[in-house]
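S.K.: My structure is below; once you've seen it, I'll send some questions.
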Amino acid sequence: MDLSMSWQNLTPQLRTRLSRMERLVGLFFALAVFCLLFGLGYYLYQTAQRKGWFLIKAPYFTFVDNAAGMTVGDKVYLMGFEVGEIVEITAMPPFEEANVYVGFVVREPYYGYLWQDSRARVAAGNFLGNRSIEVTKGIYGFPTYLLHELKQLSLEEAFVLKEPHGWKFNQKIADPSGTNLIAKVYAPVTRTVLNRLASFGTNSIRVFDVNDARGRIMAVFDDTVGHYVEVARDSKGYYLRPDESPALSDRIERVVNTVEGALPNILQLTNRLTEALTNLAAAAARAEQLVAGAQPTLSNLDTITTQLRDPDGSLGQWLIPPELREQLDQTLEAARSSLQTAQATVQTAQTNLTPLASSLLLSLENLALMTSNLNSQVEANQFILSDLSDLVRHTDQAVQGLKRHWLLKGAFTSETNPVPHSLLQPKLASPP
Amino acid sequence: MNRANLLFSIVDLRTQAVCRLSQTLTWLVLACVLGGCRSTPPPPPQPALVAEADEVAEAATRLGQQGRWNAAVERWQQATDLYTLLNRGDKEAIARHNFAQALRQLGQVEAARRQLEQAVSINEAIGCQTEWWRNWIALIQLAAEQGDTNSVAAWFGELLGQAPQIEDPETRALFWNEAGVWHLQTGDVPRANAALAEARKAFVQAGDTAGLATALANQALVFETQEQFQAARAQWETAQAKFEEVGDPMGIATTLAGQGRVLLREKADLAAAESLLRRAAHSFEHLHADAALARTQALLEEAVRLRGGEEETRRHGDTETRR
Chain A
1 MDLSMSWQNL TPQLRTRLSR MERLVGLFFA LAVFCLLFGL GYYLYQTAQR
51 KGWFLIKAPY FTFVDNAAGM TVGDKVYLMG FEVGEIVEIT AMPPFEEANV
101 YVGFVVREPY YGYLWQDSRA RVAAGNFLGN RSIEVTKGIY GFPTYLLHEL
151 KQLSLEEAFV LKEPHGWKFN QKIADPSGTN LIAKVYAPVT RTVLNRLASF
201 GTNSIRVFDV NDARGRIMAV FDDTVGHYVE VARDSKGYYL RPDESPALSD
251 RIERVVNTVE GALPNILQLT NRLTEALTNL AAAAARAEQL VAGAQPTLSN
301 LDTITTQLRD PDGSLGQWLI PPELREQLDQ TLEAARSSLQ TAQATVQTAQ
351 TNLTPLASSL LLSLENLALM TSNLNSQVEA NQFILSDLSD LVRHTDQAVQ
401 GLKRHWLLKG AFTSETNPVP HSLLQPKLAS PP
Chain B
1001 MNRANLLFSI VDLRTQAVCR LSQTLTWLVL ACVLGGCRST PPPPPQPALV
1051 AEADEVAEAA TRLGQQGRWN AAVERWQQAT DLYTLLNRGD KEAIARHNFA
1101 QALRQLGQVE AARRQLEQAV SINEAIGCQT EWWRNWIALI QLAAEQGDTN
1151 SVAAWFGELL GQAPQIEDPE TRALFWNEAG VWHLQTGDVP RANAALAEAR
1201 KAFVQAGDTA GLATALANQA LVFETQEQFQ AARAQWETAQ AKFEEVGDPM
1251 GIATTLAGQG RVLLREKADL AAAESLLRRA AHSFEHLHAD AALARTQALL
1301 EEAVRLRGGE EETRRHGDTE TRR
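Chains A and B supply the protein sequences, listed in that same order. 310 is the number that the numbering used here gives to position 310 of the first sequence; each next residue is one higher, with no gaps. For the numbering used here, add 1000 to where a residue sits in the second sequence, where the first one is 1.
Structure follows, in structure tokens:
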């Protein structure tokens, strides 16, 4: 009310100017909203393109023994390209044969490479123990998915189709004898075939038109029935047979175990050397302690004997009789000789320790040289394993040759693969 | 002296001759040995895909023997595809037959029937008579399981006349065994007996002990139907011995149940009948043979009931005597 009153109170010039200003503000606001919406739309479009939201995604699944190293969202690879991602990993029920269910999607156009014989290879991804799924390109069989609508046509409808066209059969049809195939999946619908079918009294055929590609997946190949069927709503996709290799950590563990098994003697030798060096070091330390401990004793004894020799010393001749002095002299002489012997022993030990340590050092250097040589040998002979493999193969060939020899072949019963035969059990009648 | 020299020279000459002879013989032996090496060249290597197909079929057979039917189905399908690609009709037909048997174990009867029909067509086209008959026998077994008696009757109508032409004794035995079981089910006991006698003869000719045991068991059932209990019991015992020989637990359990049933019907030795039926029921339970278990349990209940009544009567008789 107040606003309308104040608007009425304004002069016409001022009113005109204000309404122009409002138009400008409105225009600016509209432009800003348009830019905002455009930016948001562009961002969404770019994100969708980057993440492949507009692309057709074909679902697949496989079974693996172990889910270690795989998570939902991990990339799926084909010929080195990222073609999809894992969408589900779950454990199978306890009584199922398979252990882990892995569902994944493959983006357009890569699912076109996946045929009946494609495999889901589970391989080591990196050194952290990750594993990834790599699907392999199909070679024979049929593509797993179709973008074409499956149709059932009567023969009359089929006859009026204009040639050339892209209609293909979606069924196997044999002649009445059952031995000759007239039509098979993906075979073109031609008048010749239709005429033959008409002569056998066929009324309708199941077909699809390869020129009529829809923007979504219409059919999936069913291996059990041998033709394409429409994709069910709750379909988990096409089952790709797994090809699983053990995790990298397991392989590394096996290599480490082999190395550990191959080098027990070297480890034993180094253990013994360490033990011998420790014992020697302990012996040297004890000898040094002995020498250090004997040194003050010797000086004290020398001082005492000097004083005892002096007849005017503190003790005096009256205190020490000549016999006792002689005995003391003898004892001290014996002690001195003992100490000299001990000193000689210690010196000998010290003298011997040096060459012993030198020879040990030499042994260690030789050992290092040996291991270095071994390493360089292995590095130089990169084909040592293939040579060994050849040796084993050639030996096997020689043994096989001996087995075929007329003189020796009697000793080796021929073990060939059993001839495949049809399995049939006689029926046991049940009582009435 | 001269004589001695002469003697020495003669001995020397002989020794030299023997040495030469042995040397020549050694060379001859070596030549023969080396010649023999060239006589048998190694067999040519199989093409990779053929070897793969054979390996897959072998793996499928092993999986079937282990009772892993899901995996076996997958392998047999792979083998079928590979043999089809390689245009090996004979092996493709065998693979389809075995694929059908695996599908049958999983209860996929319709799919199994389709595979068998295709195998029949292939064997007919390539003229493999024995396998063709085996396909038909499997089809008959499948139809009988489904309760499709019309098909079974029609097929037997066509095939019974040609049965003497079957060359392979094992296949002939299997066919006559099926025919015997069919006649028994339709109540034509004399023809069932005749067919099973043929089956026995052919199984003996083929050296198939398990098949012979099955035919004997089926014949015991025929005797049982004719109420020849003595003969039936003897036949069940013979069949049991054969099943024990080949180590077939299902066959052993069936023969035990058969003997128990005969004793029960005779009302001759109810204690032995109860014991036999109890052992058979225990075996069927272990083998997860539910239908056979249910039948045996019903018979066991009857045996226990009759035996309880007999005991009661005997006790009552004792009491009366004491009075």
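Positions of the beta carbon are idealized from the N, C-alpha and C atoms, including for glycine.
1. Quick check: the region 49 to 69 of chain A against the region 85 to 103 of chain A, are at least 3 beta-carbon pairs closer than 8 Å?
2. Taking 7 Å as the limit between beta carbons, can you name the residues of its chain near B:I1094, skipping five residues before and five after?
3. Which same chain residues, not among the five before or five after A:M1, have their C-beta less than 6 Å away from its C-beta?
4. Let's see if you can read the secondary structure: which residues bound the beta strand (DSSP E) around A:V220?
5. Going by the beta-carbon positions, is the gap between A:Y77 and A:E134 smaller than 7 Å?
6. Please report the distance separating the alpha-carbon of B:G1251 from that of B:R1104.
7. Does the region 1112 to 1127 of chain B come close enough to the region 1151 to 1158 of chain B to have 3 or more Cβ pairs within less than 8 Å?
8. How far does the beta strand (DSSP E) with A:H227 in it extend, from its first residue to its last?
9. Chain B partners of A:A429, CB-CB under 7 Å?
10. Are at least three pairs of beta-carbons, each pair with one atom in the region 1212 to 1227 of chain B and one in the region 1239 to 1257 of chain B, less than 8 Å apart?
11. Return the first residue and the last residue of the beta strand (DSSP E) that B:W1076 is part of.
12. Tell me which residue opens and which closes the beta strand (DSSP E) that A:L181 is part of.
13. Just the Cα atoms here: how many angstroms apart are A:S177 and A:E156?
14. What do you get for B:A1091, buried or exposed, if any count of 16 or more other CB atoms within 10 angstroms of its CB means buried?
15. Where do the N-terminal and C-terminal ends of the alpha helix (DSSP H) with A:K427 fall, by residue?
16. Is B:G1247 close to chain A, meaning its C-beta is less than 7 Å from at least one C-beta of that chain?
17. Please check if any C-beta of chain A sits within less than 7 Å of the C-beta of B:A1303.
18. Whose C-beta lies closer than 8 Å to the C-beta of A:L10 among residues of the same chain, with five residues either side of it excluded?
19. Can you tell me where the beta strand (DSSP E) with A:L150 in it begins and where it stops?
20. Report the residue from B:Q1235, B:R1191, B:E1167 whose alpha carbon sits nearest the alpha carbon of B:A1202.
21. Which value, in whole angstroms, describes the spacing of the CA atoms of B:M1001 and B:D1012?
22. Which full runs of the beta strand (DSSP E) of 3+ residues lie inside the region 61 to 105 of chain A, going along the chain?
23. Along the chain, where does the alpha helix (DSSP H) containing B:W1176 start, and where does it finish?
24. Out of A:G69, A:D222, A:V220, A:L424, which one is the CA nearest neighbour of A:G129?
25. Any idea which residues DSSP pairs A:P143 with across the strands?
26. Using the beta-carbon of each residue, which ones in chain B are nearer than 9 Å to A:S389?
27. Which runs of the beta strand (DSSP E) spanning at least 3 residues fall entirely within the region 239 to 275 of chain A, listed in chain order?
28. Near A:L290, which residues of its chain fall below 8 Å by C-beta distance, leaving aside the five closest residues on each side in sequence?
29. Reducing DSSP to helix, strand and coil, say where A:S204 ends up.
30. If B:L1116 and B:A1138 are in contact, beta carbons under 8 Å, what's the gap, nearest whole angstrom?
31. Verify the CB distance criterion: does B:G1211 have a CB-CB separation below 7 Å to chain A?
32. Quick check on the DSSP output: the alpha helix (DSSP H) that includes B:R1279 runs from which residue to which?
33. Just reading off the alpha helix (DSSP H) that A:K403 is part of, what are its end residues?
34. Can you tell which of A:R286, A:L332, A:A284 has its C-alpha closest to the C-alpha of A:T303?
35. I think A:D175 touches A:F200, with their Cβ atoms under 8 Å apart; what is that distance to the nearest whole Å?
36. Please identify the residue among B:H1286, B:L1277, B:G1107 whose C-alpha is closest to the C-alpha of B:E1301.
M.R.: Taking the geometry as given:
1. Enough Cβ pairs lie closer than 8 Å, so yes.
2. E1131.
3. With a pLDDT of 47 at A:M1, under the threshold of 50, the modelled position of that residue is not reliable, and no figure is offered here.
4. It spans 219 to 222 - the beta strand (DSSP E) in which A:V220 sits, taken as one unbroken run.
5. Yes, the Cβ-Cβ distance between A:Y77 and A:E134 is below 7 Å.
6. Roughly 20 Å between the two C-alpha positions.
7. Fewer than three pairs of CB atoms, one per stretch, sit closer than 8 Å, so the region 1112 to 1127 of chain B makes no contact with the region 1151 to 1158 of chain B.
8. Counting along the chain, the unbroken beta strand (DSSP E) around A:H227 starts and ends at 227 to 230.
9. Counting only Cβ-Cβ distances below 7 Å, A:A429 has contacts in chain B at V1181, L1184, N1218, L1221, in chain order.
10. Between the region 1212 to 1227 of chain B and the region 1239 to 1257 of chain B, the count of Cβ pairs shorter than 8 Å is three or higher; the stretches touch.
11. Judged by DSSP secondary structure, B:W1076 falls outside any beta strand (DSSP E) and instead within the alpha helix (DSSP H) spanning 1069 to 1085.
12. Here the beta strand (DSSP E) through A:L181 covers 181 to 183.
13. If I take the Cα positions, the gap works out to 24 Å.
14. First, the amino acid is wrong: residue 1091 of chain B is Lys here, not Ala. Counting every other CB atom within 10 Å of its CB across the protein chains shown gives B:K1091 a total of 16 or more, marking it as buried.
15. Bounds of any alpha helix (DSSP H) do not take in A:K427, whose DSSP letter is neither H nor E.
16. B:G1247 does not count as touching chain A.
17. Judged by the 7 Å Cβ criterion, B:A1303 is not in contact with chain A.
18. The beta carbon of A:L10 sits closer than 8 Å to the beta carbons of L18 from its chain, once the five residues preceding and following it are set aside; these are given in chain order.
19. For A:L150, the enclosing beta strand (DSSP E) has its first and last residue at 148 to 154.
20. Closest in C-alpha terms to B:A1202, from the list B:Q1235, B:R1191, B:E1167, comes B:E1167.
21. Legend: pLDDT at B:M1001 = 47, less than 50; position of this residue unreliable, value from coordinates given subsequently. Rounded to whole angstroms, B:M1001 to B:D1012 spans 16 Å at the Cα level.
22. Taking 3 residues as the shortest admissible run, the region 61 to 105 of chain A contains the following complete beta strand (DSSP E) segments, listed from N- to C-terminal end: 75 to 78, 81 to 91.
23. Start and end: 1169 to 1186.
24. Answer by Cα proximity: A:G69.
25. Beta-bridge pairing by DSSP links A:P143 to A:W115.
26. The contacting residues do not exist; A:S389 stays about 18 Å from chain B at best.
27. Whole beta strand (DSSP E) segments, 3+ residues: 241 to 244.
28. The residues A342, V346, in chain order, have a CB closer than 8 Å to that of A:L290 in the same chain once the five nearest residues on each side in sequence are set aside.
29. A:S204: strand per DSSP, three-state reduction.
30. With 8 Å as the limit, B:L1116 and B:A1138 qualify as a contact, their Cβ atoms being about 5 Å apart.
31. The beta carbon of B:G1211 sits closer than 7 Å to some beta carbon of chain A.
32. B:R1279 -> alpha helix (DSSP H) spans 1270 to 1286.
33. First-last of the alpha helix (DSSP H) with A:K403: 384 to 404.
34. Of the candidates A:R286, A:L332, A:A284, the residue whose Cα lies closest to the Cα of A:T303 is A:L332.
35. Right, the Cβ-Cβ distance comes to about 6 Å (below 8 Å), so this counts as a contact.
36. For B:E1301, the closest of B:H1286, B:L1277, B:G1107 by C-alpha to C-alpha distance is B:L1277.
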